[in-house]
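Number of protein chains: 2
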Amino acid sequence: MMQTEAIELGIETRLLAREPDASAAQVIADVRIGDYTNFGDVESIAKGADAVTFDHEHVPNEHAQLLIDEGVVVEPRPNALLYAQDKLKQRRRLKALGAPVPEFAPINTEADAEAFWNVVNGEVCVKATRGGYDGHGVWFPASISEMLDLVRTVDVPLMAERKIGFDRELSAMVARNRSGEVRAWPVVESRQEGGVCRVAIAPAPGLDPELARECEQLACRIAEELDVTGVLAVELFETDGRVQVNELAMRPHNTGHWTQDGCVTSQFEQHLRAVLDWPLGATTPTAPVTVMVNTLGGEARPEMPVAQRVAEVMRRHPQAKVHLYGKDFRAGRKLGHINVATESLDEALTVAEDAAHFIVHGTWRDAAHTANNAKGE
Amino acid sequence: MMQTEAIELGIETRLLAREPDASAAQVIADVRIGDYTNFGDVESIAKGADAVTFDHEHVPNEHAQLLIDEGVVVEPRPNALLYAQDKLKQRRRLKALGAPVPEFAPINTEADAEAFWNVVNGEVCVKATRGGYDGHGVWFPASISEMLDLVRTVDVPLMAERKIGFDRELSAMVARNRSGEVRAWPVVESRQEGGVCRVAIAPAPGLDPELARECEQLACRIAEELDVTGVLAVELFETDGRVQVNELAMRPHNTGHWTQDGCVTSQFEQHLRAVLDWPLGATTPTAPVTVMVNTLGGEARPEMPVAQRVAEVMRRHPQAKVHLYGKDFRAGRKLGHINVATESLDEALTVAEDAAHFIVHGTWRDAAHTANNAKGE
């Protein structure tokens, strides 16, 4: 999705992809197939570029640093990226900044596990400190023995946090360029399913304006203090009118996809501007409300090809914006998303959910509903 | 610009380009270099495509027909395209439909020229019936002898029209899919310079709502009667609250670039949907007013590279949307355009003009103004 913005801005892109049929490789002309963990591969695409950036945070920092030492501009830089890669370092840094974070502790031994379990009365969330995404690398042990099992069997460094009982999840997104300019988008509500963001609503409905401002300022402060370049998503838990930081992502983020159709400057354009150290664009919304719903694959029905599903969605919902990633159906995989920008939250939510449901299932939600009702009678 | 929409919709594209550094060839992975007037070249890219379309109207119709005979979907089809290719056929057809067109006549001989000159009292516009664009192939002879010279020296078929004294130019754009669904965008005002569209304002300021509706209906009717598929631009002259058709274009058009940032569905997305026979998208504007200003190259100042100019524009105008075509500066060439979507016409026009001026000249308009004033004092 960065490529579409790059095209309009006249920015030439070069991609390192693991496989020729990766989403981005389908839409970028200059593709090198390689492994981002192999320094030679990364170096080969970095040569001559005005800036190097990534669409995930798992690039080895020692390689990024080697490139920087060679004079290549790499953004975000390892000193910032570290805090999106290592959850324990992130928690420690955020706590030091005075940012609201849940109680946490490193879990290296069974004794650590038992001690933390007791501190939080068993309200525990265990996380791999590195490598997790979309709910992977996160566990909620139901008993101390389950927690001890994790310590014994999981072979990556762990940490634990107090499990938060939250009212809803928010996401405060900002972008910061190399020169230090920061701009925030309106705070959105994010609805997760199985650890994956499925719905984003911009702006977050009914959010107290004071708290909204607080969230935006928090995200700006984190971007500045952590020296982030590019897009930063601060995922938050809202509980009783207060927030705590859940996760940080240093890249265009699922909760920012709405900006493609609901904002003057999309997160993808903004990320490019930020890493090239161009001034940032206006983050003003272009509609009172924009809803994004992901199309999470699962029930592939090969008898109706994706193109036909798209056409059916377009027929019923001329205002829906369909975005597809060129991926095949697979359980839980994000095939794309739908944005609907309009006056009314109800309409936006209904249309976006309806459209996304059809892309995934090849049937209308209300048809399924009617069928179920008929069965029940 | 169609490619950016194709990417988001998951549509795979293949391009026939004359040169590897053509704008579109820079952003499409699957490019064949060839000549659109060579049937073999066109056939080679058409094989296996769901639809074939073009970004200009000069594709030989006999080739398009051959492809259709082979079972390829080509849109728009030759029966429609003909009326965008041949101005005389277009005038005859529009007149037969009762559409408002200026008085016209074919000019094959000097006698034809003299006769028409007398009919319109020397208020003459001479046009090549085929091959013209952006002011090329259009002449305004100041005397009968100049007109006779044209007949003697121009070696393509000519026609003549009564020269229209108009208040302003409008553009009524619609799209029609293969199944016959038609959607109109708001009518825009178009400001030309040297035969090239330089500014478009959507919607056309102060346009009588009755006349706006009339223009939209006229464009819809032309699309239907001419069996157009894809985007159709009907360029109009407005005079004393009435309109006459100036030109037809059957493709995404300069006067529709504003839709990229000011409308739910851009002309580029709509064209793809239309030629694939997908249902059309909503044409609702997303801002009260959107202004597009082309960046027409001319005064290249290589000491400030384009990227730096873009950055300067972004610094001063965070709300300006920059679109570049990957072309080098050259006199009168369109390098790109700026869209500004906002509440106020004045603001949109000022910002878009200012931004476009800087991209082209590398200086601010007001700086030039101030410098001139200083010189004058």
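Line by line, the protein sequences are chains A and B.
Position one of the first sequence corresponds to residue 541 (the working numbering), numbered consecutively onward.
Position one of the second sequence corresponds to residue 541 (the working numbering), numbered consecutively onward.
Where a beta carbon is used, it is the ideal one built from N, C-alpha and C, also for glycine.
Only a predicted model underlies this, so the values are computations on that prediction, with no experimental measurement involved.
So which residues on chain B does A/R813 lean against when the C-beta distance must stay under 8 angstroms?
In chain order, M854 make up the part of chain B whose C-beta sits under 8 angstroms from the C-beta of A/R813.
Chain-ordered neighbours of A/L549 on chain B, where CB pairs are closer than 8 angstroms
Near A/L549 (Cβ distances below 8 angstroms), the residues of chain B are V850, V862, H863 and L864.
Tell me A/V660's beta-bridge partners as DSSP assigns them.
DSSP lists no bridge partner for A/V660.
Residue nearest to A/F594 in terms of C-alpha spacing, selected from A/R738, A/T553 and A/H863
Out of A/R738, A/T553 and A/H863, A/T553 has the C-alpha closest to the C-alpha of A/F594.
Three-way DSSP call (helix, strand, coil) for A/F579 in this model
Looking at A/F579 - three-state DSSP - the assignment turns out to be helix.
Considering only the alpha carbon of each residue, which of B/A744, B/E764 and B/V736 lies closest to B/W725?
The option with the nearest alpha carbon to B/W725 is B/A744.
Could you please tell me which residues of the region 555 to 572 of chain A, in chain order, have their CB closer than 8 angstroms to any CB of chain B?
Listed in sequence order: Q566, V567, I568, A569 and V571.
The beta strand (DSSP E) spanning A/E702 covers which residue range?
One detail in the question is off: residue 702 of chain A reads as Arg in this sequence, not Glu. Per DSSP, A/R702 belongs to the beta strand (DSSP E) from L698 to R702.
B/M542 and B/F898 look like a contact to me (Cβ under 8 angstroms); what is the Cβ gap, rounded to whole Å?
That pair is no contact at about 27 angstroms.
Using the Cβ count rule (16 or more neighbours within 10 Å means buried), how would you classify A/I707?
The sequence given here places Asp at residue 707 of chain A; Ile does not occur at that position. Burial call: exposed.
Residues of the region 810 to 837 of chain B with Cβ closer than 9 angstroms to any Cβ of chain A, in chain order:
Flagged, chain order: R813, L816, D817, W818, P819, L820, G821, A822, T823, T824, T826 and A827.
For a cutoff of 8 angstroms on Cβ pairs, would you count B/V846 as touching chain A?
B/V846 counts as touching chain A.
Measure the alpha-carbon distance for B/E843 versus B/N794 and round it to whole angstroms.
Cα to Cα, B/E843 sits roughly 29 angstroms from B/N794.
Are B/V613 and B/D590 closer than 8 angstroms when you measure CB to CB?
Contact: yes.
Integer Cβ distance of A/T769 from A/R723, believed to fall under 8 angstroms:
Approximately 13 angstroms separates the beta-carbon atoms of A/T769 and A/R723; this is outside 8 angstroms, ruling out the contact.
How is the alpha helix (DSSP H) around A/L889 delimited, first residue to last?
Its alpha helix (DSSP H) spans residues L885 to H901.
Taking the Cβ atom as the reference point for each residue, do B/V853 and B/P640 lie within a distance shorter than 8 angstroms?
The answer is no: Cβ separation not under 8 angstroms.
Hey, B/V714 and B/A763 are a contact pair by Cβ (cut 8 angstroms); roughly how many whole angstroms apart?
Going by Cβ atoms, the distance from B/V714 to B/A763 rounds to 5 angstroms, so yes, they are a contact pair.
Any beta carbon of chain A sitting closer than 8 angstroms to that of B/G876?
Chain A has a Cβ within less than 8 angstroms of the Cβ of B/G876.
Contacting positions in the region 611 to 638 of chain A - beta carbon closer than 8 angstroms to chain B:
Hits within the stretch: zero.
Pick out whichever of A/E721, A/V891, A/Q732 and A/V660 has its Cα sitting closest to the Cα of A/E775.
Closest by alpha carbon: A/Q732.
With DSSP as the reference, label A/M790 as helix, strand or coil.
Coil at A/M790, not helix or strand.
From B/L820, B/P825 and B/L889, pick the residue whose C-alpha is nearest to that of B/N834; which is it?
Checked all of B/L820, B/P825 and B/L889; the closest Cα to B/N834 is B/L889.
If you follow the beta strand (DSSP E) that A/A645 is part of, which residue opens it and which one closes it?
Unbroken beta strand (DSSP E) run through A/A645: F644 to I647.
Please state the DSSP three-state secondary structure of B/V774.
Three-state DSSP puts B/V774 in a strand.
Interface partners of B/Q543 on chain A, CB under 7 angstroms:
Per Cβ cutoff of 7 angstroms: I547.
Tell me whether B/T779 is buried or exposed, calling it buried when 16 or more other Cβ atoms sit within 10 Å of its Cβ.
Result: exposed.
Below 7 angstroms on C-beta distance, what does A/V804 contact in chain B?
Within 7 angstroms Cβ-Cβ: Q859.
What are the partner residues of A/Q784, as DSSP defines its beta bridges?
Per DSSP, A/F777.
How many angstroms separate the CA atom of A/R632 from the CA atom of A/E756?
Answer to the nearest angstrom: the Cα atoms are 21 angstroms apart.
How close, in whole Å, do the beta carbons of A/V736 and B/G550 come, if the pair is a contact with beta carbons under 8 angstroms?
That pair is no contact at about 20 angstroms.
On the DSSP bridge assignment, give the partners of B/I741 in chain order.
According to DSSP, B/I741 bridges with B/E729 and B/V831.
Give a yes or no on contact between the region 850 to 868 of chain A and the region 813 to 832 of chain B, applying the rule of three or more CB pairs nearer than 8 angstroms.
Touching, per the Cβ criterion.
B/V853 lies in the beta strand (DSSP E); which residues open and close that run?
First-last for B/V853: V846 to R856, but that is the alpha helix (DSSP H), not the beta strand (DSSP E).
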